[in-house]
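**Student:** Here our numbering runs 67 ahead of the position in the sequence shown, where the first position is 1.
Even for Gly, the Cβ is constructed at its ideal location relative to N, Cα and C.
One structure is given below, represented as C-alpha coordinates, and several questions about it will come after.
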Amino acid sequence: MSTDLVIVALVQAKPGQEKALVQAQSELVQVVRKQRGCISYELHEAIDQPGKVVFFERWLDRTSWERHMRGAHMDAFRASASPLIGAVELLQLSQVA
(Lines of atoms letter the chains of each structure in order from A and count residues from 1; the text may use other names and numbers.)
(Lines give C-alpha, C1' and ligand atoms only; values in the text may rest on other atoms or scores of the structure.)
Protein backbone atom coordinates (compact mmCIF):
# COMPACT_ATOMS: atom_id res chain seq x y z
CA MET A 1 0.00 0.00 0.00
CA SER A 2 0.93 3.61 -0.43
CA THR A 3 2.63 5.50 2.38
CA ASP A 4 1.41 8.91 1.26
CA LEU A 5 -1.21 10.86 3.21
CA VAL A 6 -4.68 11.55 1.86
CA ILE A 7 -6.71 14.42 3.25
CA VAL A 8 -10.40 14.99 2.65
CA ALA A 9 -11.64 18.33 3.94
CA LEU A 10 -15.38 19.00 3.88
CA VAL A 11 -16.18 22.70 4.15
CA GLN A 12 -19.52 24.51 4.30
CA ALA A 13 -19.69 28.23 3.63
CA LYS A 14 -21.79 30.45 5.84
CA PRO A 15 -25.06 31.51 4.17
CA GLY A 16 -24.43 34.27 1.67
CA GLN A 17 -20.67 33.61 1.60
CA GLU A 18 -20.67 30.73 -0.89
CA LYS A 19 -19.12 32.54 -3.86
CA ALA A 20 -16.55 34.40 -1.77
CA LEU A 21 -15.38 31.21 -0.07
CA VAL A 22 -15.09 29.22 -3.29
CA GLN A 23 -13.11 32.10 -4.83
CA ALA A 24 -10.71 32.22 -1.86
CA GLN A 25 -10.30 28.44 -1.93
CA SER A 26 -9.68 28.45 -5.68
CA GLU A 27 -6.88 30.96 -5.23
CA LEU A 28 -5.39 28.79 -2.48
CA VAL A 29 -5.34 25.76 -4.80
CA GLN A 30 -3.05 27.54 -7.25
CA VAL A 31 -0.49 28.20 -4.49
CA VAL A 32 -0.64 24.79 -2.82
CA ARG A 33 -0.22 22.75 -5.99
CA LYS A 34 3.29 24.22 -6.36
CA GLN A 35 4.41 23.10 -2.90
CA ARG A 36 7.03 20.45 -2.34
CA GLY A 37 5.38 17.19 -1.34
CA CYS A 38 1.97 18.00 -2.86
CA ILE A 39 0.96 15.16 -5.15
CA SER A 40 -2.53 16.48 -5.83
CA TYR A 41 -4.81 19.17 -4.44
CA GLU A 42 -8.33 19.35 -5.84
CA LEU A 43 -11.33 21.48 -4.94
CA HIS A 44 -14.86 20.30 -5.74
CA GLU A 45 -18.21 22.00 -5.07
CA ALA A 46 -21.46 20.08 -4.55
CA ILE A 47 -23.71 20.47 -7.59
CA ASP A 48 -26.88 20.77 -5.54
CA GLN A 49 -25.45 22.63 -2.53
CA PRO A 50 -23.55 25.80 -3.43
CA GLY A 51 -20.87 26.57 -0.90
CA LYS A 52 -20.43 22.94 0.17
CA VAL A 53 -16.96 22.04 -1.00
CA VAL A 54 -14.59 19.13 -0.71
CA PHE A 55 -10.83 19.26 -0.92
CA PHE A 56 -9.15 16.03 -2.02
CA GLU A 57 -5.48 16.22 -1.16
CA ARG A 58 -2.65 13.73 -1.56
CA TRP A 59 0.70 14.45 0.08
CA LEU A 60 4.01 12.65 -0.20
CA ASP A 61 4.03 12.22 3.57
CA ARG A 62 2.68 13.70 6.81
CA THR A 63 5.68 16.05 7.08
CA SER A 64 4.80 17.66 3.73
CA TRP A 65 1.19 18.18 4.80
CA GLU A 66 2.20 19.60 8.20
CA ARG A 67 4.63 22.01 6.49
CA HIS A 68 1.76 23.12 4.24
CA MET A 69 -0.56 23.65 7.22
CA ARG A 70 2.07 25.79 9.00
CA GLY A 71 2.87 27.86 5.91
CA ALA A 72 2.36 31.59 5.53
CA HIS A 73 -0.12 30.92 2.70
CA MET A 74 -2.36 29.00 5.13
CA ASP A 75 -2.06 31.71 7.79
CA ALA A 76 -3.19 34.27 5.20
CA PHE A 77 -6.00 32.01 3.99
CA ARG A 78 -7.27 31.36 7.52
CA ALA A 79 -7.19 35.08 8.32
CA SER A 80 -9.23 36.02 5.26
CA ALA A 81 -11.51 32.98 4.89
CA SER A 82 -12.39 32.12 8.49
CA PRO A 83 -15.32 34.58 8.53
CA LEU A 84 -16.72 32.82 5.42
CA ILE A 85 -16.64 29.27 6.81
CA GLY A 86 -19.55 27.74 8.67
CA ALA A 87 -18.24 24.22 9.28
CA VAL A 88 -15.19 22.06 8.55
CA GLU A 89 -14.58 18.35 8.83
CA LEU A 90 -11.08 17.04 8.21
CA LEU A 91 -10.31 13.39 7.50
CA GLN A 92 -6.73 12.12 7.48
CA LEU A 93 -6.62 8.86 5.55
CA SER A 94 -4.27 6.10 4.51
CA GLN A 95 -5.10 3.77 1.67
CA VAL A 96 -5.89 0.25 2.81
CA ALA A 97 -6.88 -1.41 -0.47
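Could you please give me the residues that DSSP links to residue 95 through a beta bridge?
**Tutor:** Looking at the DSSP assignment, residue 95 forms no beta bridge with any residue, so it has no partner.
**Student:** Counting Cβ pairs closer than 8 Å, one from the segment 112 to 125 and one from the segment 74 to 82, do we hit at least three?
**Tutor:** Because the criterion of three Cβ pairs below 8 Å is met, the segment 112 to 125 and the segment 74 to 82 touch.
**Student:** Could you tell me the distance, in whole angstroms, from the CA atom of residue 109 to the CA atom of residue 98?
**Tutor:** Each residue's Cα considered, the two are about 12 Å apart.
**Student:** Short of 7 Å in beta carbon distance, which residues of its chain neighbour residue 159, apart from the five on each side in sequence? Order them along the chain.
**Tutor:** 72, 74, listed in sequence order.
**Student:** What do you reckon, are the CB atoms on residue 106 and residue 88 nearer than 8 Å?
**Tutor:** Against a cut-off of 8 Å, the Cβ pair of residue 88 and residue 106 comes out as no contact.
**Student:** Take residue 157 as the anchor and find which of 143, 136, 100 has the nearest alpha-carbon.
**Tutor:** The option with the nearest alpha carbon to residue 157 is 136.
**Student:** May I ask which residues mark the beginning and end of the alpha helix (DSSP H) holding residue 161?
**Tutor:** Unbroken run through residue 161: none, as it is neither H nor E.
**Student:** Once you ignore the five residues that flank residue 84 on each side, which residues in its own chain have a CB closer than 6 Å to its CB?
**Tutor:** Excluding positions up to five away in sequence, the list reads 151.
**Student:** Measuring alpha carbon to alpha carbon, tell me which of 141, 90, 146, 148 ends up nearest residue 112.
**Tutor:** When only C-alpha atoms are compared, the closest one is 90.
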